[in-house]
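Asker: First the structure, then my questions, so here it is.
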Amino acid sequence: MAVERALISVFERRASWNFAKRLAAFEDRILSTGGTSKLLREAGVTVRDVSDFTGWPEMLGGRVKTLHPKVHGGLLYRPEA
């Protein structure tokens with residue numbers, strides 16, 4: 001199964017841009033949240049905000065970002081089912 005998207009959302013961001021650049025080299029579509037997406041853009045990585053993907057803004061001061069069926073449906077999908 002080919003990877004269609006990568007979700008990157010981390011607390012410790014110092015090394016995440018290097019990982020994201022490696023993913024971007026394989027032309028993965030990268031989704032990210034808040035401060036992580038800002039850091040990745042500054043590092044030259046093309047990234048799409050999760051809130052743009054889901055159509056729903058971050059909530060509770062940015063603590064709730066990825067709890068959405070568009071995100072969790074992809075995480076829980078079973079191709080054999």
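Residue numbers (my numbering): 1 to 81. Backbone N, C-alpha and C fix where the C-beta goes; we use that ideal spot for every residue, glycine too.
Which value, in whole angstroms, describes the spacing of the CA atoms of Asp52 and Ser37?
Answerer: Cα-Cα distance, rounded: 12 Å.
Asker: On the DSSP bridge list, what partners appear for Asp52?
Answerer: Note: Asp52 sits in no beta bridge, so no partner.
Asker: Would the beta-carbon of Asp43 fall within 9 Å of that of Arg29?
Answerer: Note on identity: in this sequence residue 43 is Ala, with Asp being the wrong assignment. In this structure, Arg29 does not lie closer than 9 Å to Ala43 by Cβ.
Asker: Looking at the secondary structure, which residues open and close the beta strand (DSSP E) in which Arg29 lies?
Answerer: 29-32 is the span of the beta strand (DSSP E), which, as asked, contains Arg29.
Asker: Comparing the C-beta of Asp49 with each C-beta of chain B, is any distance below 9 Å?
Answerer: In the structure shown, chain B cannot be found, because there is only a single protein chain.
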